[in-house]
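**Student:**
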Amino acid sequence: MSRPEIEVRGLHKSFGDNEVLRGIDLEVGRGEVVCVIGPSGSGKSTLLRCVNLLEEPSGGQVFVGGAELTDPDVDIDAVRRRIGMVFQQFNLFPHLSVTENLTLPQRRVLRRGKAEAAKVAAENLERVGLSDKATAYPASLSGGQQQRVAIARALAMGPEVMLFDEPTSALDPELVGDVLAVMRMLAREGMTMMVVTHEMTFAREVADRVVFMDGGVIVEDGAPAQVIGAPAHERTRHFLSRLLDPAMAEVEEETSDQVGGPGK
Ligand SMILES: Nc1ncnc2c1ncn2[C@@H]1O[C@H](COP(=O)(O)OP(=O)(O)OP(=O)(O)O)[C@@H](O)[C@H]1O
Ligand SMILES: [Mg+2]
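Residue numbers (UniProt numbering): 1 to 264.
#1: Check Asn91 in the structure and name its three-state DSSP category.
#2: With respect to the beta strand (DSSP E) encompassing Ser97, which residues constitute its N-terminal and C-terminal limits?
#3: Let me confirm a value: residue 265 is counted as buried when at least 16 other C-beta atoms fall within 10 Å, else exposed. Which label applies?
#4: With DSSP run on the structure shown, which of helix, strand or coil describes Leu104?
#5: Is Gly60 closer than 8 angstroms to His95 when the C-beta atoms are compared?
#6: Can you give the Cα-Cα distance for Ile228 and Arg108, rounded to whole angstroms?
#7: Distance check for Glu100 and Ala136, CA to CA, integer angstroms please.
#8: DSSP has Ser2 in a bridge; who is on the other side?
#9: So what does DSSP say about Asn236, is it helix, strand or coil?
#10: Leaving out five residues before and five after Lys114 in sequence, what residues of the same chain have Cβ atoms less than 8 angstroms from its Cβ?
#11: Taking three-plus beta-carbon pairs below 8 angstroms as touching, is the segment 208 to 224 in contact with the segment 171 to 186?
#12: Let me know if residue 267 comes out buried or exposed under the rule of 16 or more other beta-carbons within 10 Å of its beta-carbon.
#13: How is Arg9 classed by DSSP in three states: helix, strand or coil?
#14: In chain order, which continuous runs of the beta strand (DSSP E) of length 3 or greater are located wholly inside the segment 19 to 76?
#15: Kindly indicate the opening and closing residues of the beta strand (DSSP E) around Leu163.
#16: Less than 8 angstroms separating the beta-carbons of Leu26 and Cys50?
#17: Residues around ligand 1, please: the condition is that the C-beta lies closer than 5 angstroms to some non-hydrogen atom of it.
#18: What are the boundary residues of the alpha helix (DSSP H) that Glu189 is part of?
#19: For Gly84, which of Ser14, Thr168, Glu174, Ala152 has the nearest alpha-carbon?
#20: Given a cut-off of 8 angstroms on the beta-carbon distance, is the pair Leu180 and Glu160 in contact?
#21: Comparing C-alpha positions only, which one of Glu68, Val34, Asp17 sits nearest to Arg9?
#22: Does the beta-carbon distance from Phe90 to Ala139 come in below 8 angstroms?
#23: What does the Cβ neighbour count give for Ala156, buried or exposed, with the cut at 16 atoms within 10 Å?
#24: When you compare each of Gln145, Met194, Thr192, Arg188 to Glu174 by their alpha carbons, which one comes out closest?
#25: Taking the CB atoms as reference points, tell me whether residue 266 and Thr192 lie closer together than 8 angstroms.
#26: Please determine, among Val34, Leu53, Lys133, Glu220, the residue with the shortest C-alpha to C-alpha distance to Thr197.
#27: Alpha helix (DSSP H) containing Arg204: first to last residue?
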């Protein structure tokens, strides 16, 4: 079997006394889509940020495409070029047009010529359905359109792996679908993806595996139908019940002491 595209071994990360990742082991195969779910503060963003070394791990190893990012001698810029990252906040340059947002990193980082960068930008705007916004400025776009521009910008760099950190959390509900549709397309095309998300429908339909994190460890890692549909751990069940029905979870908590546990 070929090596996984992303390999995380014994990953630890502390901020001062706060140990945020407490030994993460995770593999993502080529073309696999792994959704990471878990409560706020469980370390999901920190895990993604360690995978492209936006955060320096305190211990353990991270490999992408067989190259060890945590090797002190690695050419980190070269490895990072293989990894596209999309954040909750789109981080577009407001003073640049959509096309310029896509061409600037290609020219600066990949040293592509003007014509080639423009061609790649146009191709990727087309992929995300925004060819008609090429000359627009970010402020004139909806949040969903801005996020699709951010995805196109990452794709224009030709990454082997895409990391998404709650890409739809800042969007109005009616704009979420278009962004998820682009991510579905990428998954179908065989992109290797790690996606931190609260979109359980997306995770169920698109993910090959779902990873549930809590307190800096992976509690469950398995097929979506298993982790979301029939979780083996109480912590996962509790998280999912809160997510799917926050009001019910509160009632359960209030009543569980008096009536000997939540009932239906
Ligand atoms: N740069 C930092 N400096 C100090 N502490 C940090 C830093 N980044 C994250 N933390 C802490 O690490 C813990 C995990 O944070 P992280 O952002 O990874 O959680 P998360 O699972 O992504 O949560 P959320 O769902 O709210 O985004 C939190 O306690 C957070 O305060
Ligand atoms: Mg986060």
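Note that the Cβ used here is the ideal one computed from N, Cα and C, for glycine as well.
Here the structure is a predicted model, which means the values were calculated and not measured.
**Tutor:** From the atom records:
#1: coil
#2: Here Ser97 belongs to no beta strand (DSSP E), and DSSP marks it neither H nor E.
#3: In the structure displayed, the chain extends from 1 to 264; residue 265 sits before or after that span and is not available.
#4: helix
#5: no
#6: 42 angstroms
#7: 10 angstroms
#8: DSSP output for Ser2 lists no bridge partner at all.
#9: The identity of residue 236 in the sequence shown is Thr, whereas the question assumes Asn. If DSSP states are grouped into helix, strand and coil, Thr236 belongs with the helices.
#10: Thr103, Arg107
#11: no
#12: Residue numbering for the chain in the displayed model covers 1 to 264; residue 267 lies beyond these limits and cannot be assessed.
#13: Strand.
#14: Listed in chain order, they are 33 to 37, 59 to 64.
#15: 161 to 165
#16: no
#17: Ordered along the chain, the selected set is Phe15, Val20, Ser40, Gly41, Ser42, Gly43, Lys44, Ser45, Thr46.
#18: Counting along the chain, Glu189 sits inside no alpha helix (DSSP H), nor does DSSP assign it H or E at all.
#19: Nearest Cα to Gly84 within the set Ser14, Thr168, Glu174, Ala152: Ala152.
#20: no
#21: Glu68
#22: no
#23: buried
#24: Gln145
#25: Nothing can be reported for residue 266: it is not among the residues displayed for the chain, which extend from 1 to 264.
#26: Val34
#27: 200 to 206
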